[in-house]
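> Start counting at 1 in the sequence shown, then tack on 9, and there's your number in the working numbering. Take a look at the following structure, please.
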Amino acid sequence: MLTISQFADRCGLSASALRFYERRGLLLPSARRENGYRAYSPGQVAEARFISSLRAAGISLSAIREFLRRDARTRESMLTAWRQDLSARLLSLQLADQYLRGIGASSGPRVHLEHWSEPSLLVWFPVSAPPGPLAFRGAVPSRKKELERRGIPVLTSGYVRTLDLEAGQLLGEVGFRIKPRRRLPSGCRGQEVPPSLFATLECAVCDEPAAHRVFRFLAELGFRPDGVHLERYLPGVSDRYLLLLGVQRLGNNATGSG
């Protein structure tokens, strides 16, 4: 058996870290000596190093505690989720780095980045309206209130899609971003959106080439459009909207990569 000092030296950890792990229920001493001092077995060295490695990888204490209590199948599922989360965070950091390298300090770009760091759910309601600028703007407040009456908090609202023109009427959808795993009202559909990064541009309703400017800017920074493309009506604004294009960094061998 090893004293806490001997065990800490074997693990490459501090004694205070081992006491902290004990208080959090992650790693308990194998025994207590007659004088009350902690005693650890050599077999616990690998476990202590594993816990420390998970912490270095950014895994929370509560998640590690849950992992250690689970069976092999559940552990594999948790590892898969952690890998996916880390991959998303790494991609976001790469995109942010590429963005900062491509902008100048004198005048900020009109194209910006918007990061949805958590999974989201877009709720879409069917709408129709006569053709015109921001045609579905009037449907946004009523549909938002409908969700709020049902106890569904809206994160952001006013997303729109124009789908067709039929009998002189525009057919489309208005959408709202909410947290996942919510029960939706009848007559609407849900669209799951993973953590995503968007290039955004505020556009005038008469600005037809707006999307082309975004695509050109993305190419200059080494991005390519990928994933969800959205338009969002801006609260209190009647002549502008926000264009959102999901983006991904181009590979090193792709044309236009940084």
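All C-beta atoms in this analysis are idealised placements derived from N, C-alpha and C, irrespective of residue type, glycine included.
1) Buried or exposed, going by whether 16 or more other CB atoms sit within 10 Å of the CB of Tyr46?
2) From what residue to what residue does the beta strand (DSSP E) around Tyr49 run?
3) Gly167: which of Leu131, Leu180, Leu11, Leu179 sits nearest, CA to CA?
4) Below 7 Å between beta carbons: does that hold for Leu37 and Glu43?
5) Which whole-angstrom value is the C-beta distance of Glu294 and Pro135, which I expect to be below 8 Å?
6) Give me the residue from Pro162, Glu240, Leu164, Gln53 with the minimum Cα distance to Glu211.
7) First and last residue of the alpha helix (DSSP H) that includes Glu211?
8) CA-CA distance, Asp216 and Ala66?
9) Taking the C-alpha atoms as reference points, what is the distance between Val256 and Val202?
10) Using three-state DSSP, classify Arg249 as helix, strand or coil.
11) Let me confirm a value: Leu88 is counted as buried when at least 16 other C-beta atoms fall within 10 Å, else exposed. Which label applies?
12) Report the option in Ala57, Gly52, Arg33 whose CA atom is closest to the CA atom of Ala17.
13) Could you have a look at Asn261 and say whether DSSP puts it in helix, strand or coil?
14) Can you tell me the Cβ-Cβ gap for Pro204 and Trp125, rounded? I've got them flagged as a contact below 8 Å.
15) Can you check DSSP and say which residues form a bridge with His221?
16) Among Pro51, Gly34, Arg33, which has the Cα closest to the Cα of Ala13?
17) To which residues does DSSP link Phe134 through a beta bridge?
18) Would you decide whether Gly184 is buried or exposed? Buried here means 16 or more other CB atoms lie within 10 Å of its CB.
19) Entirely within the region 40 to 77 and at least 3 residues each: give me those beta strand (DSSP E) ranges in chain order.
20) Per DSSP, Gln200 forms a beta bridge with which residues?
21) Rounded to a whole number of angstroms, what is the C-alpha to C-alpha distance between Arg249 and Pro142?
22) Can you have a look at Arg186 and say buried or exposed, based on whether 16 or more other CB atoms are within 10 angstroms of its CB?
23) For Arg41, which of Leu206, Val120, Ala90, Met10 has the nearest alpha-carbon?
To lay it out plainly:
1) exposed
2) 47 to 49
3) Leu131
4) no
5) Since the first residue shown for the chain is 10 and the last is 267, residue 294 is missing from the structure and cannot be characterised.
6) Glu240
7) No alpha helix (DSSP H) holds Glu211; the beta strand (DSSP E) holding it covers 205 to 213.
8) If you draw a straight line from the Cα of Asp216 to the Cα of Ala66, it comes to about 45 Å.
9) 13 Å
10) strand
11) Under this definition Leu88 is an exposed residue.
12) Ala57
13) With a pLDDT of only 36 at Asn261, under the threshold of 50, the placement of this residue in the model should not be trusted, and no figure is reported.
14) Beta-carbon to beta-carbon, Pro204 and Trp125 are separated by about 6 Å, close enough to satisfy the 8 Å threshold.
15) According to DSSP, His221 shares a beta bridge with no other residue.
16) The sequence shown places Ile at residue 13, rather than the Ala named in the question. Answer by Cα proximity: Pro51.
17) Val183
18) buried
19) Counting whole runs of 3 or more residues, the region 40 to 77 contains the beta strand (DSSP E) stretches 47 to 49.
20) Leu131
21) Rounded to whole angstroms, Arg249 and Pro142 show a C-alpha spacing of 9 Å.
22) By the 10 Å Cβ count, Arg186 comes out buried.
23) Met10
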